[in-house]
Amino acid sequence: MGYSQQRYKILKQKYAAQGNLAYYIELFGNFLAEREGYKELDGMEAIYFYLVHKFHWMPKDVRSMSFDDLRFVLSEEMVNWTAPPESRIE
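Position in the sequence shown (first residue = 1) + 238 = the working numbering.
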């Protein structure tokens, strides 16, 4: 089964969007670590730690969440948050 150039373009956009979501969640983790005063954690580790403590979820459950689910759970926390200008790299 051959794919057209349009099909490849759609696939590339899909996976680029997933990568961008992961990147911005990681950046939000850096912000969250600073806001919460974490000394040893940043990025995804800060997000996992935060969710474990906020919701009393097991670490293994939090770590198994998809980026889409993490974004959903953090949506209220992320209101009005913007990524640092220096992180916006093409």
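By construction, the Cβ of each residue, glycine as well, lies at the ideal position given by its N, Cα and C atoms. Note that the coordinates shown come from a computational prediction; the quantities given were computed from them, not determined experimentally.
Query, Result
"Nearest-angstrom Cα separation, counted from Val317 out to Pro277", "According to the sequence provided, residue 277 is Lys. The question's Pro does not apply to it. Cα to Cα, the separation comes out at about 24 Å."
"Member of Pro322, Asp306 and Ser325 whose CA lies at the smallest distance from the CA of Gln256", "Asp306"
"Short Cβ contact (9 Å threshold) for Tyr288 with Glu274", "yes"
"Nearest-angstrom Cα separation, counted from Ser242 out to Lys250", "13 Å"
"Three-state class that DSSP yields for Ile285 in the structure shown", "helix"
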